[in-house]
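Visitor:
Numbering (this note's numbering), first residue to last: 138 to 627.
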């Protein structure tokens, strides 16, 4: 079992972890100064490596409970740095056995980063957040945490996440010759959810105006947004519940919903950076909406598109977005309308339903040959790892950028034409609507109203007959898959 959150991974213990535990109890022992030192420091004196090894090996043979009580803690790149644990306390916040019958009990959380070189990097906060989310996914929302009044780092971490002090037992702990209080904290779930929201806003890097609007709206109705976020994409699209909300509400809901969406990516083993890059599309579209309307929000089309992020089915790698997909032909046979025509030989060579990787070009994409080649390389490495069962035969791209008419408007060394040259064009449509929207933002009533800031805007003006949409494929021969990006440049 693995549970990933940002830069940390919680996982079941393995045999190799036993040697780390022995080292943490014999060499790397600074953690014992802070984790219940009135017990830990004494335990170190009598620690027996051989006995510990035997005990842990026997423990590994036992079946694990569905809801784990302990998990190991790794960094995202696989360094074992500690563990998380939980135990039960009674209504007076005293420890009780998890098997003790007939008593009201509450779950308390614990955390150890035993590798001291990883202290002060925010990993403890991430690990505790992951632990809370783990129990939340199992329906446990009333969670506690206990420490002593001298452990200021744990206290700061707990309060940052929304834990509030509910019990103080004065003078019950003796540490290094001093007397300290025993503290119990209870998680305020509303405060924790707001902490997650603020973290999502930081990741998205929205404009200051949008951030203020999101927090203001959320603080006025936190319960509404948290509940609505859970049902945003219920039912059949494209008329999802989120589509019926106001533009600002859509943005607030996505800032809340991003926590859930992130978990879907993390469950697939996707790296923190790829998740951030993929979710940057939310910020990009929010900024475009604000620039267009003067108000923070998201359009209906935006949130319909974000269904791919909701399902963790789209991934930004470098400048491009990639999606696990099946070959589809936008013709009468494939989609019910004759938007494009395709040769029967082509359809026989790559039949409808064949596994492919669908490629999308975000508005802010850098299409220089080097960055595109790198993105294709990343995709070739990424998809076999995340979707080993999806043996894609080709990259598929439906885009106005592939339309051959652009060759009359742009120099052949342009990034757009070099990008299009990678693909075999197998279908096209003389439909300039999408091109005009992408190039100019919208149609204008008069020619003089069209912006002429870019070379393409100037060249296309009055020459809309050269605009359209095309379907291109870049085949992936099984024997050449790792080299597809390089070979496509020749």
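Using N, Cα and C, we set each Cβ at its ideal position, and we do this for glycine too.
Model, not experiment: these values are computed from the prediction.
Label residue 211 either buried or exposed according to how many other C-beta atoms from any shown protein chain fall within 10 Å of its C-beta, with 16 as the threshold for buried.
Guide: So residue 211 counts as buried.
Visitor: Assess contact between the stretch 538–555 and the stretch 601–610, defined as three or more Cβ pairs (one per stretch) separated by less than 8 Å. Is contact present?
Guide: In short, these stretches touch, since the Cβ pair count reaches three.
Visitor: Should residue 327 go down as buried or exposed, given a rule of 16 or more other Cβ atoms within 10 Å for buried?
Guide: Exposed: under 16 other Cβ atoms inside 10 Å.
Visitor: On the CB-based measure, 16 or more other CB atoms within 10 Å of its CB, does residue 204 come out buried or exposed?
Guide: Residue 204 comes out exposed.
Visitor: By alpha-carbon positions, which one of 426, 448, 476, 573 ends up nearest to residue 405?
Guide: When only C-alpha atoms are compared, the closest one is 448.
Visitor: For residue 626 and residue 510, what's the separation of their Cα atoms in angstroms?
Guide: The predicted position of residue 626 is uncertain, since its pLDDT is 38 and thus under 50; a value taken from the coordinates is nonetheless stated next. Computed Cα separation, rounded: 8 Å.
Visitor: Hey, quick one: how far does the beta strand (DSSP E) through residue 222 stretch, first residue to last?
Guide: Per DSSP, residue 222 belongs to the beta strand (DSSP E) from 217–226.
Visitor: If you reduce the DSSP assignment to three classes, tell me which class residue 398 lands in.
Guide: Three-state DSSP puts residue 398 in a helix.
Visitor: Going by DSSP, what residues sit across from residue 312 in a beta bridge?
Guide: Paired residue(s): 315.
Visitor: Can you pull the DSSP bridge partners for residue 492?
Guide: According to DSSP, which records beta bridges pairwise, residue 492 is partnered with 463.
Visitor: I'd like to know whether the C-beta atoms of residue 329 and residue 353 end up nearer to each other than 8 Å.
Guide: Contact: no.
Visitor: How long is the line joining the alpha carbons of residue 526 and residue 571, rounded to whole angstroms?
Guide: Between residue 526 and residue 571, the C-alpha separation is close to 34 Å.
Visitor: Have a look at residue 276 and residue 242 and give me their C-alpha separation to the nearest angstrom.
Guide: Rounded to the nearest angstrom, the two C-alpha atoms are 15 Å apart.
Visitor: Using the rule of at least 16 other Cβ atoms within 10 Å of the residue's Cβ for burial, across every protein chain shown, is residue 140 buried or exposed?
Guide: Looking at its Cβ environment, which holds 16 or more other Cβ atoms inside 10 Å, residue 140 is buried.
Visitor: From residue 387 to residue 455, what does the alpha carbon distance come to, in whole angstroms?
Guide: Roughly 27 Å separates the two Cα atoms.
Visitor: Mind checking which residues open and close the beta strand (DSSP E) that includes residue 536?
Guide: That run of the beta strand (DSSP E) goes 531–536.
Visitor: Going by DSSP in three states, residue 448 sits in which element: helix, strand or coil?
Guide: If DSSP states are grouped into helix, strand and coil, residue 448 belongs with coil.
Visitor: Cβ atoms of residue 250 and residue 219: under 8 Å apart, would you say?
Guide: Cβ atoms of residue 219 and residue 250: closer than 8 Å.
Visitor: Any idea if residue 505 is buried or exposed, counting beta-carbon neighbours within 10 angstroms, 16 or more meaning buried?
Guide: Per the 10 Å Cβ criterion, exposed.
Visitor: Compute the Euclidean distance between the alpha carbons of residue 568 and residue 144, then round it to the nearest angstrom.
Guide: Each residue's Cα considered, the two are about 45 Å apart.
Visitor: Considering only the beta carbon of each residue, do residue 178 and residue 169 sit closer than 8 Å?
Guide: A contact, by the Cβ cut-off of 8 Å.
Visitor: Whose C-alpha, out of 175, 161, 197, is nearest the C-alpha of residue 184?
Guide: Among 175, 161, 197, the Cα nearest to that of residue 184 belongs to 161.
Visitor: Three-state secondary structure (DSSP) at residue 383?
Guide: Looking at residue 383 - three-state DSSP - the assignment turns out to be coil, as it is neither helix nor strand.
Visitor: Pull the bridge partners of residue 211 from the DSSP assignment, please.
Guide: Partner(s): 146, 217.
Visitor: May I ask you to report which of helix, strand or coil DSSP gives residue 604?
Guide: The answer is coil: DSSP assigns residue 604 none of H, G, I, E or B.
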